[in-house]
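Below is one structure, written out as structure tokens; comments come after it.
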């Protein structure tokens, strides 16, 4: 509520369009939180997790195609240079940051939810390649931390 009031009070500085969009984003988050609390059960979360993983596989494959074959393949956002004439891969997102963080989140979900070892390793490989294609060093670091924490916390202890 305070964010919406703050934005309305800065209407002149932000502009009407920005205030409306930001307010809609805030309300969307509130609706999502309410819906998840009302409708969340194990089966719903499992379906949501599978959908998340499928979306991440698609964006990872698009990222790999953007790097290896066609840099403009399904590109909808920024065209940032990685090095030379090579563009950073956006996948299905507007920028490489969101793309990489989405895949890292899906990788973390994969690590804790996928039980079949072959499938888990295949998904880890696909997500890792997708994150590497983003050429976003902070994402590389976060990906490394997620994998190291998983290995030391869950694999070595178990």
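Residue numbers (the numbering used here): 161 to 318.
Using N, Cα and C, we set each Cβ at its ideal position, and we do this for glycine too.
| Asked | Found |
| --- | --- |
| With residue 259 and residue 249 assumed to form a contact (beta carbons below 8 Å), what rounded beta-carbon distance in angstroms separates them? | 7 Å |
| Kindly list the residues whose CB is nearer than 8 Å to the CB of residue 264, restricted to its own chain and excluding five residues on each side of it in sequence; keep chain order. | 287, 291, 299, 302, 303, 306 |
| Please report how far the alpha carbon of residue 176 lies from the alpha carbon of residue 240, in whole angstroms. | 29 Å |
| Between the C-alpha atoms of residue 194 and residue 213, what's the straight-line distance to the nearest angstrom? | 23 Å |
| Considering only C-alpha positions, which residue in the set 245, 178, 221, 168 is nearest to residue 283? | 221 |
| Can you tell me whether residue 247 is helix, strand or coil according to DSSP? | strand |
| Rounded to the nearest angstrom, what separates residue 266 and residue 216 at their Cα positions? | 6 Å |
| Any idea what DSSP makes of residue 242, helix, strand or coil? | strand |
| With a threshold of 7 Å (Cβ to nearest heavy atom), would residue 290 be considered close to the ligand PLP? | Ligands are entirely absent from the displayed structure, and the ligand PLP is therefore not among its contents. |
| Please classify residue 188 as buried or exposed, where buried requires at least 16 neighbouring CB atoms within 10 angstroms. | exposed |
| Leaving out the 5 sequence neighbours to the left and right, which residues in its chain are closer than 7 Å to residue 242 when beta-carbon positions are compared? | 248, 295 |
| Under the assumption that residue 219 contacts residue 174 (Cβ atoms under 8 Å), give the Cβ distance between them as a whole number of angstroms. | The Cβ separation is near 31 Å, so there is no contact. |
| State buried or exposed for residue 245, treating a residue as buried only when at least 16 other CB atoms are found within 10 Å of its CB. | exposed |
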